[in-house]
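The structure under discussion appears below in the form of C-alpha coordinates.
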Amino acid sequence: MIGTRKAPILHHFSESISGAATIRCFNQEENFFVKNLSLIDDYSCIAFHNSATMEWLSVRINFLFNVSFFIVLIILVTLPSSSIDPSKLLLCLFLFICFR
489 MIGTRKAPIL HHFSESISGA ATIRCFNQEE NFFVKNLSLI DDYSCIAFHN
539 SATMEWLSVR INFLFNVSFF IVLIILVTLP SSSIDPSKLL LCLFLFICFR
(Lines of atoms letter the chains of each structure in order from A and count residues from 1; the text may use other names and numbers.)
(Lines give C-alpha, C1' and ligand atoms only; values in the text may rest on other atoms or scores of the structure.)
Protein backbone atom coordinates (compact mmCIF):
# COMPACT_ATOMS: atom_id res chain seq x y z
CA MET A 1 0.00 0.00 0.00
CA ILE A 2 2.85 2.37 0.80
CA GLY A 3 4.56 1.58 -2.50
CA THR A 4 1.43 2.42 -4.48
CA ARG A 5 1.30 5.82 -2.79
CA LYS A 6 5.02 6.55 -3.17
CA ALA A 7 5.21 5.89 -6.92
CA PRO A 8 2.97 8.84 -7.96
CA ILE A 9 5.05 11.20 -5.81
CA LEU A 10 8.27 10.14 -7.47
CA HIS A 11 6.69 10.21 -10.93
CA HIS A 12 5.19 13.67 -10.40
CA PHE A 13 8.48 15.00 -9.02
CA SER A 14 10.54 13.64 -11.91
CA GLU A 15 8.06 14.98 -14.46
CA SER A 16 8.10 18.37 -12.72
CA ILE A 17 11.90 18.47 -12.85
CA SER A 18 12.04 17.53 -16.53
CA GLY A 19 9.29 19.99 -17.48
CA ALA A 20 10.29 22.83 -15.16
CA ALA A 21 10.82 25.33 -17.98
CA THR A 22 7.41 24.60 -19.49
CA ILE A 23 5.70 24.80 -16.09
CA ARG A 24 7.26 28.20 -15.44
CA CYS A 25 6.44 29.36 -18.96
CA PHE A 26 2.71 28.70 -18.46
CA ASN A 27 2.75 30.00 -14.86
CA GLN A 28 1.61 26.67 -13.37
CA GLU A 29 4.01 26.47 -10.43
CA GLU A 30 1.22 26.78 -7.87
CA ASN A 31 -0.83 23.97 -9.43
CA PHE A 32 2.13 21.60 -9.44
CA PHE A 33 2.99 22.58 -5.87
CA VAL A 34 -0.58 21.88 -4.69
CA LYS A 35 -0.63 18.56 -6.57
CA ASN A 36 2.69 17.57 -4.99
CA LEU A 37 1.41 18.45 -1.49
CA SER A 38 -1.75 16.42 -2.11
CA LEU A 39 0.27 13.36 -3.16
CA ILE A 40 2.58 13.71 -0.16
CA ASP A 41 -0.44 14.06 2.15
CA ASP A 42 -1.96 10.83 0.79
CA TYR A 43 1.34 9.02 1.29
CA SER A 44 1.81 10.41 4.81
CA CYS A 45 -1.65 9.25 5.85
CA ILE A 46 -0.95 5.68 4.73
CA ALA A 47 2.55 5.70 6.24
CA PHE A 48 1.23 7.00 9.57
CA HIS A 49 -1.42 4.29 9.80
CA ASN A 50 1.12 1.64 8.84
CA SER A 51 3.52 2.87 11.52
CA ALA A 52 0.77 2.97 14.16
CA THR A 53 -0.32 -0.56 13.28
CA MET A 54 3.23 -1.87 13.53
CA GLU A 55 3.67 -0.18 16.92
CA TRP A 56 0.39 -1.69 18.17
CA LEU A 57 1.50 -5.13 16.99
CA SER A 58 4.89 -4.70 18.66
CA VAL A 59 3.28 -3.81 21.99
CA ARG A 60 0.97 -6.84 21.81
CA ILE A 61 3.78 -9.24 20.91
CA ASN A 62 5.95 -7.89 23.74
CA PHE A 63 3.06 -8.34 26.15
CA LEU A 64 2.55 -11.95 25.06
CA PHE A 65 6.27 -12.61 25.42
CA ASN A 66 6.34 -11.17 28.93
CA VAL A 67 3.32 -13.21 30.01
CA SER A 68 4.76 -16.42 28.58
CA PHE A 69 8.15 -15.71 30.16
CA PHE A 70 6.50 -15.12 33.53
CA ILE A 71 4.54 -18.39 33.29
CA VAL A 72 7.64 -20.37 32.31
CA LEU A 73 9.62 -18.71 35.09
CA ILE A 74 7.00 -19.58 37.70
CA ILE A 75 6.84 -23.18 36.49
CA LEU A 76 10.62 -23.58 36.53
CA VAL A 77 11.05 -21.96 39.93
CA THR A 78 8.34 -24.07 41.57
CA LEU A 79 9.84 -27.33 40.33
CA PRO A 80 11.84 -29.22 42.92
CA SER A 81 15.58 -28.75 42.54
CA SER A 82 16.05 -32.48 42.06
CA SER A 83 13.90 -32.53 38.90
CA ILE A 84 16.04 -30.13 36.90
CA ASP A 85 19.66 -29.10 37.17
CA PRO A 86 19.98 -25.39 38.16
CA SER A 87 22.55 -24.78 35.43
CA LYS A 88 20.12 -26.10 32.81
CA LEU A 89 17.41 -23.95 34.33
CA LEU A 90 19.61 -20.88 33.99
CA LEU A 91 20.52 -21.85 30.42
CA CYS A 92 16.84 -22.25 29.56
CA LEU A 93 15.98 -18.82 30.97
CA PHE A 94 18.97 -17.21 29.29
CA LEU A 95 18.03 -18.65 25.89
CA PHE A 96 14.41 -17.65 26.39
CA ILE A 97 15.49 -14.05 26.96
CA CYS A 98 18.07 -14.02 24.15
CA PHE A 99 15.77 -15.39 21.44
CA ARG A 100 13.06 -12.91 22.25
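Following the numbering used here, the numbering of the sequence shown begins with 489 at its first residue and continues without gaps.
Backbone N, C-alpha and C fix where the C-beta goes; we use that ideal spot for every residue, glycine too.
Secondary structure of Asp-530 (DSSP, three-state): helix. Along the region 517-570, the alpha helix (DSSP H) occurs as fully enclosed runs of 4 or more residues at 517-566, listed in sequence order. Using a Cβ distance threshold of 8 Å, Leu-527 and Ile-490 do not count as a contacting pair. Phe-501: member of the alpha helix (DSSP H) spanning 490-506, first to last residue. Using a Cβ distance threshold of 8 Å, Leu-581 and Leu-552 do not count as a contacting pair. With respect to the 8 Å criterion, Tyr-531 and Lys-494 are classified as neighbours on the basis of their beta carbons.
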